[in-house]
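Following: one structure in C-alpha coordinates, then a few remarks.
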Amino acid sequence: MTGGSSPSLTKNSCLCEPEEDVNAVNNDKTVDEDAHIQVEDWRLHKFQSPIELTHDESIHHDHFEPLEFHGHWDEGGDTTFTNNGFTATLRFQNRELPFLRGGPLHEDEYVFDQLHFHWSEDDHSGCEHLFEGRAFSMEAHAVHFNKKYADFQEAHDKQDGLAVVGFFLQATDNIDNPCFDKLSSAVVDIEKVNSTTTVQSDCLTWIKEVAQCKGYYTYQGSLTTEPYTESVTWILYSTPIHVSREQVAHFRNMKSTPCEQHNIKKNVRPIQTPPTHKKLNVLYARSHRSSSPGAGEK
1 MTGGSSPSLT
11 KNSCLCEPEE
21 DVNAVNNDKT
31 VDEDAHIQVE
41 DWRLHKFQSP
51 IELTHDESIH
61 HDHFEPLEFH
71 GHWDEGGDTT
81 FTNNGFTATL
91 RFQNRELPFL
101 RGGPLHEDEY
111 VFDQLHFHWS
121 EDDHSGCEHL
131 FEGRAFSMEA
141 HAVHFNKKYA
151 DFQEAHDKQD
161 GLAVVGFFLQ
171 ATDNIDNPCF
181 DKLSSAVVDI
191 EKVNSTTTVQ
201 SDCLTWIKEV
211 AQCKGYYTYQ
221 GSLTTEPYTE
231 SVTWILYSTP
241 IHVSREQVAH
251 FRNMKSTPCE
261 QHNIKKNVRP
271 IQTPPTHKKL
281 NVLYARSHRS
291 SSPGAGEK
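Quick note on the UniProt record's numbering: the sequence shown kicks off at 1 and runs consecutively.
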(Lines of atoms letter the chains of each structure in order from A and count residues from 1; the text may use other names and numbers.)
(Lines give C-alpha, C1' and ligand atoms only; values in the text may rest on other atoms or scores of the structure.)
Protein backbone atom coordinates (compact mmCIF):
# COMPACT_ATOMS: atom_id res chain seq x y z
CA MET A 1 0.00 0.00 0.00
CA THR A 2 1.20 3.56 -0.61
CA GLY A 3 4.84 4.41 -0.73
CA GLY A 4 7.69 2.25 -1.96
CA SER A 5 9.10 -1.21 -1.57
CA SER A 6 12.21 -2.50 -3.27
CA PRO A 7 14.96 -0.05 -4.29
CA SER A 8 14.51 -1.03 -7.93
CA LEU A 9 10.96 0.30 -7.80
CA THR A 10 11.22 3.37 -5.64
CA LYS A 11 14.43 5.17 -6.57
CA ASN A 12 13.87 7.61 -9.39
CA SER A 13 17.40 6.95 -10.56
CA CYS A 14 18.67 4.57 -13.21
CA LEU A 15 19.58 1.10 -12.07
CA CYS A 16 22.59 1.20 -14.35
CA GLU A 17 24.19 3.53 -11.79
CA PRO A 18 26.07 1.99 -8.82
CA GLU A 19 23.64 0.96 -6.11
CA GLU A 20 23.94 1.56 -2.42
CA ASP A 21 25.44 -1.33 -0.43
CA VAL A 22 22.39 -3.15 0.92
CA ASN A 23 24.55 -4.85 3.54
CA ALA A 24 25.41 -1.56 5.20
CA VAL A 25 22.48 -1.62 7.61
CA ASN A 26 22.13 0.42 10.77
CA ASN A 27 22.25 -1.65 13.95
CA ASP A 28 18.80 -0.45 14.99
CA LYS A 29 17.09 -1.87 11.93
CA THR A 30 16.06 -5.31 10.75
CA VAL A 31 16.37 -6.28 7.11
CA ASP A 32 13.37 -7.96 5.52
CA GLU A 33 15.29 -9.95 2.94
CA ASP A 34 12.23 -11.05 1.00
CA ALA A 35 10.97 -7.53 0.44
CA HIS A 36 14.40 -5.90 0.13
CA ILE A 37 13.46 -3.26 2.67
CA GLN A 38 14.61 -1.96 6.00
CA VAL A 39 12.04 -2.00 8.77
CA GLU A 40 12.60 -0.33 12.10
CA ASP A 41 12.54 -3.07 14.72
CA TRP A 42 9.73 -1.54 16.78
CA ARG A 43 7.32 -1.89 13.89
CA LEU A 44 7.72 -5.66 13.91
CA HIS A 45 6.31 -6.06 17.41
CA LYS A 46 2.64 -6.03 16.39
CA PHE A 47 0.88 -6.94 13.14
CA GLN A 48 2.38 -6.25 9.74
CA SER A 49 0.50 -6.60 6.45
CA PRO A 50 -0.25 -8.29 4.08
CA ILE A 51 -1.52 -11.57 5.49
CA GLU A 52 -3.26 -14.70 4.26
CA LEU A 53 -7.02 -14.75 4.79
CA THR A 54 -8.69 -18.02 5.71
CA HIS A 55 -12.46 -18.08 6.03
CA ASP A 56 -12.68 -20.91 8.58
CA GLU A 57 -10.12 -19.24 10.84
CA SER A 58 -11.83 -15.84 10.80
CA ILE A 59 -14.27 -14.64 13.45
CA HIS A 60 -17.73 -14.33 11.91
CA HIS A 61 -19.47 -11.11 12.89
CA ASP A 62 -23.05 -10.55 11.72
CA HIS A 63 -23.94 -7.32 13.44
CA PHE A 64 -21.91 -4.52 11.91
CA GLU A 65 -23.73 -1.52 10.53
CA PRO A 66 -23.55 -1.47 6.71
CA LEU A 67 -20.28 -0.18 5.28
CA GLU A 68 -21.18 2.90 3.27
CA PHE A 69 -19.32 4.24 0.23
CA HIS A 70 -20.14 7.90 -0.41
CA GLY A 71 -19.16 9.63 -3.65
CA HIS A 72 -16.70 7.05 -4.96
CA TRP A 73 -18.41 6.77 -8.36
CA ASP A 74 -19.72 10.32 -8.66
CA GLU A 75 -18.86 12.52 -11.60
CA GLY A 76 -17.24 15.94 -11.44
CA GLY A 77 -13.92 17.56 -10.63
CA ASP A 78 -10.54 16.46 -11.91
CA THR A 79 -9.04 12.97 -11.68
CA THR A 80 -5.33 12.29 -12.17
CA PHE A 81 -3.48 9.02 -12.78
CA THR A 82 0.26 9.05 -12.05
CA ASN A 83 3.29 6.77 -12.39
CA ASN A 84 5.45 7.40 -9.31
CA GLY A 85 8.03 4.75 -10.20
CA PHE A 86 6.42 2.16 -7.93
CA THR A 87 2.75 2.02 -8.92
CA ALA A 88 -0.10 3.82 -10.69
CA THR A 89 -1.91 6.18 -8.34
CA LEU A 90 -5.36 7.75 -8.76
CA ARG A 91 -6.37 10.99 -7.02
CA PHE A 92 -9.37 13.34 -7.10
CA GLN A 93 -9.17 17.14 -7.09
CA ASN A 94 -11.60 20.06 -7.24
CA ARG A 95 -14.51 18.09 -5.84
CA GLU A 96 -15.85 16.88 -2.53
CA LEU A 97 -13.74 13.83 -1.76
CA PRO A 98 -15.44 10.44 -1.34
CA PHE A 99 -15.61 8.96 2.16
CA LEU A 100 -16.36 5.75 4.03
CA ARG A 101 -18.57 5.28 7.06
CA GLY A 102 -20.02 2.39 9.04
CA GLY A 103 -18.94 -1.23 9.22
CA PRO A 104 -15.77 -1.65 11.30
CA LEU A 105 -15.24 2.13 11.15
CA HIS A 106 -18.26 2.76 13.39
CA GLU A 107 -19.00 6.48 13.74
CA ASP A 108 -15.77 7.77 12.20
CA GLU A 109 -15.60 9.00 8.62
CA TYR A 110 -12.59 8.17 6.46
CA VAL A 111 -11.81 10.45 3.52
CA PHE A 112 -10.47 9.13 0.21
CA ASP A 113 -6.80 9.94 -0.35
CA GLN A 114 -5.81 7.79 -3.32
CA LEU A 115 -6.16 4.42 -5.02
CA HIS A 116 -3.21 2.42 -6.32
CA PHE A 117 -2.38 -1.04 -7.66
CA HIS A 118 -0.08 -3.98 -6.98
CA TRP A 119 0.90 -6.55 -9.60
CA SER A 120 3.61 -9.06 -10.50
CA GLU A 121 5.39 -10.66 -13.46
CA ASP A 122 2.49 -13.00 -14.15
CA ASP A 123 -1.27 -13.22 -13.68
CA HIS A 124 -1.03 -15.63 -10.74
CA SER A 125 1.01 -13.74 -8.12
CA GLY A 126 0.12 -10.07 -8.39
CA CYS A 127 -1.79 -9.52 -5.15
CA GLU A 128 -0.43 -8.84 -1.68
CA HIS A 129 -3.04 -10.54 0.49
CA LEU A 130 -3.81 -14.19 -0.17
CA PHE A 131 -7.26 -15.74 0.14
CA GLU A 132 -7.43 -19.43 1.03
CA GLY A 133 -3.89 -19.79 -0.30
CA ARG A 134 -4.77 -18.25 -3.65
CA ALA A 135 -3.09 -15.26 -5.24
CA PHE A 136 -4.87 -13.12 -7.83
CA SER A 137 -3.55 -11.08 -10.78
CA MET A 138 -3.66 -7.67 -9.09
CA GLU A 139 -4.75 -5.98 -5.89
CA ALA A 140 -6.16 -2.45 -5.72
CA HIS A 141 -5.97 -0.41 -2.51
CA ALA A 142 -8.36 2.49 -1.89
CA VAL A 143 -6.62 4.48 0.84
CA HIS A 144 -8.66 6.65 3.23
CA PHE A 145 -7.65 8.74 6.25
CA ASN A 146 -9.69 9.47 9.37
CA LYS A 147 -11.51 12.79 9.00
CA LYS A 148 -10.42 13.81 12.51
CA TYR A 149 -6.92 14.36 11.04
CA ALA A 150 -6.01 16.98 8.46
CA ASP A 151 -4.64 14.61 5.81
CA PHE A 152 -2.88 11.32 5.17
CA GLN A 153 0.45 12.59 6.51
CA GLU A 154 -1.04 13.50 9.87
CA ALA A 155 -3.10 10.30 10.06
CA HIS A 156 -0.68 7.63 8.86
CA ASP A 157 0.99 7.01 12.24
CA LYS A 158 -2.17 7.16 14.38
CA GLN A 159 -3.76 3.92 15.55
CA ASP A 160 -7.12 4.90 14.02
CA GLY A 161 -5.58 6.90 11.21
CA LEU A 162 -6.21 4.90 8.06
CA ALA A 163 -8.75 2.62 6.41
CA VAL A 164 -7.76 0.77 3.25
CA VAL A 165 -10.26 -1.12 1.11
CA GLY A 166 -8.66 -3.91 -0.90
CA PHE A 167 -10.05 -5.42 -4.11
CA PHE A 168 -8.69 -8.46 -5.97
CA LEU A 169 -8.51 -8.41 -9.77
CA GLN A 170 -8.26 -11.61 -11.80
CA ALA A 171 -7.21 -11.79 -15.44
CA THR A 172 -9.21 -14.63 -16.92
CA ASP A 173 -9.57 -14.14 -20.66
CA ASN A 174 -9.24 -11.63 -23.46
CA ILE A 175 -12.53 -9.82 -22.83
CA ASP A 176 -11.88 -6.36 -21.42
CA ASN A 177 -13.77 -5.10 -18.40
CA PRO A 178 -15.30 -1.93 -19.91
CA CYS A 179 -15.47 -0.07 -16.60
CA PHE A 180 -11.86 -0.90 -15.70
CA ASP A 181 -10.79 0.18 -19.18
CA LYS A 182 -11.18 3.80 -18.08
CA LEU A 183 -7.97 3.26 -16.10
CA SER A 184 -6.16 0.43 -17.89
CA SER A 185 -6.28 2.23 -21.23
CA ALA A 186 -4.83 5.35 -19.58
CA VAL A 187 -1.74 3.45 -18.42
CA VAL A 188 -0.18 3.89 -21.87
CA ASP A 189 -0.08 7.63 -21.14
CA ILE A 190 1.87 7.23 -17.89
CA GLU A 191 4.53 4.71 -18.87
CA LYS A 192 7.29 7.20 -18.03
CA VAL A 193 8.25 7.82 -14.40
CA ASN A 194 6.52 10.85 -12.83
CA SER A 195 4.14 11.19 -15.77
CA THR A 196 0.49 12.06 -15.14
CA THR A 197 -2.66 11.92 -17.21
CA THR A 198 -6.31 12.76 -16.60
CA VAL A 199 -9.08 10.16 -16.58
CA GLN A 200 -12.86 10.21 -16.35
CA SER A 201 -14.12 11.22 -12.92
CA ASP A 202 -16.39 8.15 -12.65
CA CYS A 203 -13.43 5.80 -13.17
CA LEU A 204 -14.12 3.72 -10.03
CA THR A 205 -17.38 2.16 -11.18
CA TRP A 206 -15.53 -1.16 -11.70
CA ILE A 207 -15.42 -1.64 -7.90
CA LYS A 208 -19.06 -0.72 -7.30
CA GLU A 209 -20.67 -4.15 -7.51
CA VAL A 210 -18.14 -5.82 -5.22
CA ALA A 211 -18.17 -2.88 -2.80
CA GLN A 212 -21.90 -3.38 -2.31
CA CYS A 213 -21.43 -6.97 -1.13
CA LYS A 214 -22.29 -7.39 2.53
CA GLY A 215 -19.45 -9.79 3.26
CA TYR A 216 -15.84 -8.69 3.71
CA TYR A 217 -12.81 -9.42 5.87
CA THR A 218 -11.37 -6.84 8.25
CA TYR A 219 -8.38 -6.69 10.57
CA GLN A 220 -5.99 -4.19 12.12
CA GLY A 221 -2.68 -4.17 10.26
CA SER A 222 -0.07 -1.97 8.66
CA LEU A 223 0.87 -0.17 5.49
CA THR A 224 2.52 -2.65 3.14
CA THR A 225 5.12 -0.10 2.05
CA GLU A 226 7.17 2.53 3.83
CA PRO A 227 6.72 3.67 6.56
CA TYR A 228 4.92 0.38 7.47
CA THR A 229 3.04 1.99 10.34
CA GLU A 230 0.45 -0.22 12.02
CA SER A 231 -2.38 2.23 11.62
CA VAL A 232 -4.61 0.54 9.05
CA THR A 233 -8.11 -0.88 9.36
CA TRP A 234 -8.06 -3.27 6.43
CA ILE A 235 -11.32 -4.07 4.61
CA LEU A 236 -10.89 -6.78 1.99
CA TYR A 237 -13.44 -8.20 -0.46
CA SER A 238 -12.63 -11.76 -1.48
CA THR A 239 -14.74 -11.83 -4.67
CA PRO A 240 -12.35 -11.06 -7.55
CA ILE A 241 -13.15 -8.49 -10.23
CA HIS A 242 -12.61 -10.00 -13.67
CA VAL A 243 -10.46 -8.14 -16.17
CA SER A 244 -8.57 -9.20 -19.28
CA ARG A 245 -4.96 -10.31 -19.44
CA GLU A 246 -4.16 -7.37 -21.71
CA GLN A 247 -5.58 -4.89 -19.21
CA VAL A 248 -3.25 -6.23 -16.54
CA ALA A 249 -0.30 -6.38 -18.94
CA HIS A 250 -0.53 -2.63 -19.55
CA PHE A 251 0.66 -1.98 -15.99
CA ARG A 252 3.83 -4.03 -16.48
CA ASN A 253 4.89 -1.61 -19.24
CA MET A 254 5.22 1.24 -16.76
CA LYS A 255 8.82 2.36 -16.27
CA SER A 256 10.47 2.39 -12.86
CA THR A 257 13.47 4.58 -13.75
CA PRO A 258 14.08 7.74 -15.81
CA CYS A 259 16.43 5.87 -18.14
CA GLU A 260 13.36 3.82 -19.19
CA GLN A 261 15.38 0.61 -19.23
CA HIS A 262 13.42 -1.02 -16.42
CA ASN A 263 9.72 -1.73 -15.98
CA ILE A 264 7.65 -2.05 -12.81
CA LYS A 265 7.22 -5.80 -13.08
CA LYS A 266 6.56 -6.57 -9.42
CA ASN A 267 5.50 -4.32 -6.54
CA VAL A 268 4.05 -6.73 -3.98
CA ARG A 269 5.23 -7.28 -0.44
CA PRO A 270 5.49 -10.90 0.77
CA ILE A 271 3.02 -12.29 3.29
CA GLN A 272 3.89 -11.26 6.85
CA THR A 273 3.64 -13.75 9.71
CA PRO A 274 2.21 -12.45 13.02
CA PRO A 275 4.41 -12.87 16.11
CA THR A 276 3.95 -16.29 17.71
CA HIS A 277 3.02 -14.75 21.06
CA LYS A 278 0.16 -12.70 19.62
CA LYS A 279 -3.07 -13.68 17.89
CA LEU A 280 -4.26 -11.64 14.93
CA ASN A 281 -8.05 -11.40 14.87
CA VAL A 282 -9.54 -11.36 11.38
CA LEU A 283 -13.27 -10.69 11.26
CA TYR A 284 -15.56 -11.84 8.50
CA ALA A 285 -18.26 -9.18 8.60
CA ARG A 286 -21.77 -9.58 7.28
CA SER A 287 -24.48 -7.01 7.84
CA HIS A 288 -27.90 -8.60 8.28
CA ARG A 289 -29.46 -5.25 9.03
CA SER A 290 -31.33 -3.63 6.17
CA SER A 291 -29.45 -0.69 4.73
CA SER A 292 -30.98 2.74 4.70
CA PRO A 293 -31.98 3.97 1.21
CA GLY A 294 -28.82 4.47 -0.82
CA ALA A 295 -26.49 3.30 1.95
CA GLY A 296 -23.36 1.73 0.59
CA GLU A 297 -23.94 3.06 -2.92
CA LYS A 298 -23.91 6.83 -2.70
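Beta carbons are placed, not taken as given, at the ideal position from N, Cα and C, and that holds for glycine.
- [ ] For HIS60, I'd like the list of residues in its chain whose CB is within less than 7 Å of its CB, leaving aside the five on either flank, ordered along the chain.
- [x] Locating residue 60 in the sequence shown gives position 60, counting from the first residue. If we look at HIS60 and ignore the five residues flanking it on each side, its Cβ neighbours are TYR284.
TODO: Using alpha carbons as the reference points, say which of GLU128, HIS144, ARG91 lies closest to SER137.
DONE: Position 137 of the sequence shown holds residue 137. Among GLU128, HIS144, ARG91, the Cα nearest to that of SER137 is on GLU128.
Task: Span separating the alpha-carbon of TYR237 from that of GLY166 - done: On the sequence shown, residue 237 is found 237 positions in, with the first residue counted as 1. On the sequence shown, residue 166 is found 166 positions in, with the first residue counted as 1. Approximately 6 Å, taken between the alpha carbons.
Open item on the list: Which same chain residues end up closer than 6 Å to TRP119 when comparing Cβ atoms and leaving out the 5 residues on each side of it in sequence?
Closed with: As a first step, residue 119 must be located in the sequence shown, where it is residue number 119. Counting only residues of its own chain and dropping the five nearest sequence neighbours on each side, TRP119 has a CB closer than 6 Å to the CB of GLY126, MET138, PHE251.
Open item on the list: Could you tell me the alpha carbon to alpha carbon distance between ASP173 and ALA140, rounded to whole angstroms?
Closed with: Along the sequence shown, one-based indexing puts residue 173 at 173. Along the sequence shown, one-based indexing puts residue 140 at 140. Roughly 19 Å separates the two Cα atoms.
Open item on the list: On the CB-based measure, 16 or more other CB atoms within 10 Å of its CB, does VAL25 come out buried or exposed?
Closed with: Taking the first residue of the sequence shown as 1, we reach residue 25 at position 25. Below a pLDDT of 50, predicted positions are generally treated as unreliable, and VAL25, at 36, falls in that range; the measurement from the model is reported next regardless. Its Cβ having fewer than 16 others within 10 Å, VAL25 is exposed.
Open item on the list: Can you tell me whether ARG286 sits near the ligand ATP, meaning its C-beta is under 7 Å from at least one heavy atom of the ligand?
Closed with: The ligand ATP is not part of this structure, which contains no ligands at all.
Open item on the list: Give me the DSSP bridge partner(s) of ARG95.
Closed with: By 1-based counting over the sequence shown, the position of residue 95 is 95. ARG95 is not bridged by DSSP to any residue.
- [ ] Return the chain-ordered list of same chain residues with a C-beta closer than 6 Å to the C-beta of GLU191, the five sequence neighbours on each side being excluded.
- [x] Sequence index remark: in the sequence shown, residue 191 carries index 191 (1-based). Same-chain partners within the cutoff: ASN253, MET254, LYS255.
TODO: Report, in whole angstroms, the separation of the C-beta atoms of HIS70 and ARG91, which I expect to be a contact under 8 Å.
DONE: To locate residue 70, count along the sequence shown from 1; it is residue 70. To locate residue 91, count along the sequence shown from 1; it is residue 91. For a cut-off of 8 Å, the C-beta gap from HIS70 to ARG91 is around 17 Å, too long to register as a contact.
Open item on the list: Could you compute how far the alpha carbon of HIS63 sits from the alpha carbon of SER185?
Closed with: If you number the sequence shown from 1, residue 63 lands on position 63. If you number the sequence shown from 1, residue 185 lands on position 185. Each residue's alpha carbon lies about 40 Å from the other.
TODO: Report buried or exposed for GLY221, applying the criterion of at least 16 other Cβ atoms within 10 angstroms of its Cβ.
DONE: Position 221 of the sequence shown, counting from 1, holds the residue named residue 221. Label assigned to GLY221: buried.
Task: beta strand (DSSP E) segments (min. 3 residues) lying fully within the region 225-275 - done: Runs of the beta strand (DSSP E) spanning 3 or more residues and lying entirely within the region 225-275 occur at 232-244, in chain order.
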